[in-house]
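Worksheet for the structure shown next.
There are 2 protein chains.
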Amino acid sequence: MALINENAARRSGPAVREIYDALRHRILTADLMPGTGMSEVPYSEQFGVSRTPVREVFRRLADEGLLRIVPQVGTFVAPIQLRAVYDSQFVRETLECRTVTLAAANAGGRARDDLEDFLTLQRRAIRDSDLQRFFDADDKMHTYLIGVAGYPSIWELIQGVKAQLDRVRYLSLESGDWLNRIFEQHELIVKRVIEGDATGAETAMREHLQSVFLTIERLANNKPELFEGSLGPHVSNASKS
Amino acid sequence: MALINENAARRSGPAVREIYDALRHRILTADLMPGTGMSEVPYSEQFGVSRTPVREVFRRLADEGLLRIVPQVGTFVAPIQLRAVYDSQFVRETLECRTVTLAAANAGGRARDDLEDFLTLQRRAIRDSDLQRFFDADDKMHTYLIGVAGYPSIWELIQGVKAQLDRVRYLSLESGDWLNRIFEQHELIVKRVIEGDATGAETAMREHLQSVFLTIERLANNKPELFEGSLGPHVSNASKS
DNA sequence: GTCTCTCCTCTTGTATACTAGTAACCAAGA
DNA sequence: TCTTGGTTACTAGTATACAAGAGGAGAGAC
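So the protein sequences, as listed, match chains A and B.
Quick note on numbering that gives the first Met the number 0: the first sequence kicks off at 0 and runs consecutively.
Quick note on numbering that gives the first Met the number 0: the second sequence kicks off at 0 and runs consecutively.
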């Protein structure tokens, strides 16, 4: 699994790494829509390599829940499973709320400067309406906070889980005002971390992450064809053995 | 990563699945010690298959942090990285403490019966000194509690993270009295979940998981040659960009 | 004795050929 | 018209062959 080791596919040959990054990005940004057929041969031709590295990439993306490999039939872009999205949100929220608490306890003067730099980056990205750059700066800030908490490597794990959330985020194509609201939430988080207000930071982080989650539920209601599984909240399931 | 989709290697051909299970178990139980060389050819002969499925298994285990693939050189059983162990513990503790809180809120009459069944299984395993059976029942109970909380699929994620902890657990070869202590902790958790005492259940779970952690530090002190990286606790790292 | 260069062997990375299973299509019959 | 049978095309799974790099052993020079 992704924790522990540096980056997932980055250890392999250059072909694998490149193809992995490209395909993952195309899936997350919904350039490849859920359900799209993905058989190995066309992509090996497209990237100018043999089936082997493409196959390795497919396998890895399937492990991440982004592809679905059906033996002897084909490989398809996985539908967005609402259950998986809910679970991913739960994991991310639980871990990041805990780490931001620790971050607030740990943050020193240097962290203050660094965090303000991240906010500046985001402010500029909004000014230039550069969504990708904003998302990058967003990710970097979350990564940084987890590092300040003392557990930098778990960002890798969150990254994997977050893939499901990002897919929805890109699909919902949000703009303008929404970015400002996210940014204000970031400001509040940073403020409380710098102040050392652990409880307040946790609250701010939870509200932040949950507001992103609202986007998801809105999309699930508007475009149910992209999803698989019911929308209902989890029910206590005490009947399993 | 591993969340979202059912089991990791279970989707592949029978060869891959079988080899994956076998090798993973051998690594976790320290039958294959950290540092052992693992080149592809001998194992393909041993399992009577070609390099391809073995290679796929190696890559998957490398993703889990159990193998380390060095291109053009060889593949080795990964050393136990203390940092990774600490991080794994953090993730598991954070997630399971949260889920047990929810479980305590959700648990109904059926859960009560099921949980008591799990305890009975464990009691018998201890009576028979059957370590493997105890570990299995242990895992099943944790899985069940996460299911009651409403997020059954995140057990997959914890499972992956837990691999690092399990390696240490098997290496330290604990016995007798230790099992009883674990069992008592389980009893306390179950008791509080059934009572609906969310806070109490969380506390019990945290103490339970952290006690496993003590084992780790003991082993790290006794057999440092199996480990890689320093033993010190995490330090706030606010210097990263 | 020691250092260096070369070559050989072993490793993983990649390409290609072969196997086997699925599904869709089409035709023949009721 | 519907059903059923077989044929065909396509898929992923596996085996094997080849390429490229790392590392160690051994020979030679100093």
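Ideal Cβ placement from N, Cα and C applies to all residues, glycine included.
{"Asked": "Counting beta carbon pairs with one atom in the region 110-121 of chain A and one in the region 199-210 of chain A, are three or more of them shorter than 8 Å?", "Found": "no"}
{"Asked": "Could you confirm whether any beta carbon from chain A is found closer than 9 Å to the beta carbon of L178 of chain B?", "Found": "no"}
{"Asked": "Should A110 of chain A and V147 of chain A be called a contact, given that it needs their Cβ atoms to be closer than 9 Å?", "Found": "yes"}
{"Asked": "So T202 of chain B is in the alpha helix (DSSP H); what residue range does that whole segment cover?", "Found": "A197 to N221"}
{"Asked": "Looking at the C-beta of A197 of chain A, does it have a partner C-beta in chain B at a distance below 9 Å?", "Found": "no"}
{"Asked": "Within the same chain, show all residues whose beta-carbon is closer than 8 Å to that of V69 of chain B, passing over the 5 residues directly before and after it, in chain order.", "Found": "F75"}
{"Asked": "Please list the partners that R97 of chain B has in chain A, where partner means a Cβ-to-Cβ separation under 7 Å.", "Found": "T93"}
{"Asked": "Measure the C-alpha to C-alpha separation of G73 of chain A and V192 of chain B and round it to an integer number of angstroms.", "Found": "45 Å"}
{"Asked": "When you compare the region 39-50 of chain A with the region 137-156 of chain A, are there three or more beta-carbon pairs, one atom per stretch, that lie closer than 8 Å?", "Found": "no"}
{"Asked": "Distance check for D62 of chain A and F226 of chain A, CA to CA, integer angstroms please.", "Found": "19 Å"}
{"Asked": "Is F89 of chain A close to chain B, meaning its C-beta is less than 9 Å from at least one C-beta of that chain?", "Found": "yes"}
{"Asked": "Quick check on E206 of chain A - is its C-beta less than 9 Å from some C-beta in chain B?", "Found": "no"}
{"Asked": "From the DSSP output, read off the bridge partner residues of I79 of chain A.", "Found": "A:F226"}
{"Asked": "Helix, strand or coil: how does DSSP classify L65 of chain B here?", "Found": "coil"}
{"Asked": "So with Cβ pairs under 9 Å, would you call D62 of chain A a contact of chain B?", "Found": "yes"}
{"Asked": "If the cut is a Cβ gap below 9 Å, which residues of chain A does E55 of chain B touch?", "Found": "R54, E55 and R58"}
{"Asked": "Can you list, in chain order, the residues of its chain with a C-beta nearer than 7 Å to that of G34 of chain A? Leave out the 5 residues immediately preceding and following it.", "Found": "F75, V76 and P78"}
{"Asked": "Residues of chain A with CB closer than 8 Å to the CB of L156 of chain B, please, in chain order.", "Found": "M0, V90, L156 and V160"}
{"Asked": "Taking DSSP as the reference, what is the three-state secondary structure of T74 of chain A?", "Found": "strand"}
{"Asked": "Near I125 of chain B, what residues of its chain come up, given a Cβ to Cβ distance below 8 Å and the 5 sequence neighbours on each side ignored?", "Found": "F133, L178, N179 and F182"}
{"Asked": "When the Cα atoms are used, what is the spatial distance from D137 of chain B to E155 of chain B?", "Found": "15 Å"}
{"Asked": "Roughly how many angstroms separate the alpha carbons of P223 of chain A and F212 of chain A, rounded to a whole number?", "Found": "16 Å"}
{"Asked": "Please name the residue in A:Q71, A:R16, A:A203 and A:I157 whose C-alpha comes closest to that of V56 of chain A.", "Found": "A:R16"}
{"Asked": "What residue from B:I157, B:L81 and B:D20 has the CA that sits closest to P242 of chain B's CA?", "Found": "As shown, chain B starts at 0 and ends at 240. That puts residue 242 of chain B outside it, with no answer to give."}
{"Asked": "Leaving out five residues before and five after S240 of chain A in sequence, what residues of the same chain have Cβ atoms less than 7 Å from its Cβ?", "Found": "Reliability of the predicted coordinates at S240 of chain A is poor, the pLDDT of 27 falling under 50, and no value is obtained from them."}
{"Asked": "Taking the beta carbon of S210 of chain A as the centre, do at least 16 other beta carbons fall within 10 Å, making it buried, or is it exposed?", "Found": "exposed"}
{"Asked": "Helix or strand or just coil, what does DSSP make of G159 of chain A?", "Found": "helix"}
{"Asked": "Taking the C-alpha atoms as reference points, what is the distance between E5 of chain B and E194 of chain A?", "Found": "Because the pLDDT of E5 of chain B is 32, which lies under 50, any placement of that residue in the model is unreliable, and the number read from its coordinates should be weighed accordingly. Distance between the alpha carbons of E5 of chain B and E194 of chain A: 42 Å."}
{"Asked": "Just tell me which of B:L60, B:R91, B:E216 and B:D86 has its CA closest to the CA of Y150 of chain A.", "Found": "B:D86"}
{"Asked": "Rounding to the nearest angstrom, what Cα-Cα distance links K139 of chain B and S128 of chain A in this structure?", "Found": "49 Å"}
{"Asked": "Exposed or buried, what is D113 of chain A when buried is set at 16 or more other beta-carbons lying within 10 Å of its beta-carbon?", "Found": "buried"}
{"Asked": "Got a sec? Which residues, its chain only, sit under 8 Å from R217 of chain B by beta carbon, not counting five neighbours each side?", "Found": "S171"}
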